[in-house]
Amino acid sequence: MKAYVFPGQGSQFPGMAKDLYENFTAAKEIVNEADQILGFSLSKVMFEGTEEDLKQTKVTQPAIYLHSVLVAKLGKDFAPDMVAGHSLGEFSALVAAGALSWQDGLRLVYQRALAMQKACELVPSTMAAVLGLADADIERICGETNGEVVAANYNCPGQVVISGSVAGIEKVAELLKAAGAKRVLTLPVGGAFHSPFMEPARVELAAAIEATTIERPICPIFQNVTAKASQDPAEIKQNLIAQLTGAVRWTQSVEAMVAAGATEFIECGPGKVLQGLVKKISADVQVASMELA
């Protein structure tokens with residue numbers, strides 16, 4: 001069975017999707033319409049912008065989303081048995097599975113990016129990658145901070161990203177190293193994503209998601225906050241809203257997809273980050289990038 005997976009923030013690169021735009025009429029039409037919907041030339045930043053330009057949350061999220069949607073739409077023999085997306089990638093996955101129009105998805109992703117940016121500016125906060133320590137030890141140490149630091153991304157065994165206040169992350173980093181973590185690396189991000197610090201963004205995005213039409217997807221989507229399959233539109237909406245302040249359970253999602261019969265994971269979007277994570281979670285499955293028609 002084939003699982004199609006969609007990347008999140010961090011997969012962007014200068015010149016992304018330019019080859020698709022130049023070689024496929026359908027891609028050109030979608031990109032031009034996307035620029036109109038957003039009211040600025042996202043394509044110009046994607047095609048000509050620097051790494052620094054692409055790091056702005058308001059650019060990064062719609063850029064990765066658009067690239068991923070294009071790959072899925074132009075893909076050869078696109079026939080998913082199940083889908084999942086890492087954080088922002090969950091929106092791309094829903095579009096690919098027919099639950100959300102790409103236009104509505106783009107509007108939501110852009111609103112999400114702006115809301116997250118605003119939340120980041122309210123309180124100085126950050127994220128850090130913890131390498132080589134068991135999930136349970138990380139959860140225990142974070143649990144002693146009264147919600148100031150939480151486990152935010154379960155990326156693969158031995159790689160968990162924590163999220164919280166700048167002071168809290170600094171303090172917890174020392175405790176994690178003392179508990180045996182190989183490394184604790186502060187990440188170059190604008191704030192504490194997937195943590196209670198994103199509550200203002202969750203409230204803002206909840207109304208937009210509720211007002212957006214989500215259809216029953218053509219196959220199950222394994223969502224970040226539950227790591228379980230869903231095809232119920234109401235449930236999908238609630239999980240999308242909860243995702244802003246909840247953890248991305250990627251390890252658990254991939255394990256659940258393998259248990260449901262997935263033998264091949266195909267990444268749709270820029271980069272190969274998810275293929276590397278999937279192999280670390282389940283060495284027996286096949287991984288590949290989406291082939292274009």
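In terms of our numbering, the sequence shown opens at residue 1 and continues consecutively. Glycine included, every Cβ here is placed at the ideal spot set by N, Cα and C.
Strand pairing of residue i, partner residues [DSSP]
| i | result |
| --- | --- |
| TYR156 | At residue 156 the sequence reads Cys, which differs from the Tyr that was named. In DSSP, CYS156 forms a bridge with GLN159. |
| TYR4 | VAL83 and ILE266 |
| GLY164 | THR126 and VAL149 |
| LEU133 | BP columns for LEU133 are empty, so no partner. |
Local Cβ density within 10 Å of residue i, reported as buried at 16 or more and exposed below that
| i | result |
| --- | --- |
| THR25 | exposed |
| GLN36 | exposed |
| ASP104 | buried |
| LEU122 | exposed |
| GLU51 | exposed |
| THR126 | buried |
| GLN223 | buried |
| ARG216 | exposed |
| PHE193 | buried |
| VAL249 | Residue identity check: residue 249 is Arg in the sequence provided, not Val. Buried, because 16 or more other Cβ atoms sit within 10 Å of the Cβ of ARG249. |
| THR213 | exposed |
| GLU90 | buried |
| LYS2 | buried |
| GLY49 | buried |
| GLU148 | buried |
Three-way DSSP call (helix, strand, coil) for residue i in this model
| i | result |
| --- | --- |
| LEU122 | helix |
| PHE78 | coil |
| LEU292 | strand |
| GLU183 | In the sequence under discussion, the amino acid at residue 183 is Arg, which differs from the Glu named in the question. ARG183: strand per DSSP, three-state reduction. |
| GLN286 | strand |
| GLU144 | coil |
| ALA97 | coil |
| VAL189 | coil |
| MET198 | helix |
| PHE91 | helix |
Inter-residue CB distance, residue i and residue j (contact presumed, cutoff 8 Å)
| i | j | result |
| --- | --- | --- |
| GLU267 | VAL5 | 5 Å |
| ALA229 | LEU187 | With a Cβ gap of about 30 Å, ALA229 and LEU187 do not count as contacting. |
| PRO157 | LYS280 | 6 Å |
| PRO200 | LYS272 | 34 Å between Cβ atoms; not a contact. |
Short CB-CB distance (under 8 Å) between residue i and chain C
| i | result |
| --- | --- |
| PHE197 | Any reference to chain C falls outside this structure, which holds one protein chain only. |
Residue i beta carbon near the ligand ZN (any heavy atom closer than 7 Å)
| i | result |
| --- | --- |
| GLU139 | Of the ligands one can find in the structure shown there are none, so the ligand ZN has no counterpart to examine. |
Legend entry - Runs of alpha helix (DSSP H) lying entirely within the segment 25-85, each at least 4 residues, in chain order: Correct list: 25-38, 42-48, 51-54 and 57-74.
Inset, instruction - Would you mind listing the beta strand (DSSP E) stretches within the segment 202-282 that are 3+ residues and don't spill past its ends, in chain order? - result: Listed in chain order, the complete beta strand (DSSP E) runs (minimum 3 residues) inside the segment 202-282 are 264-267.
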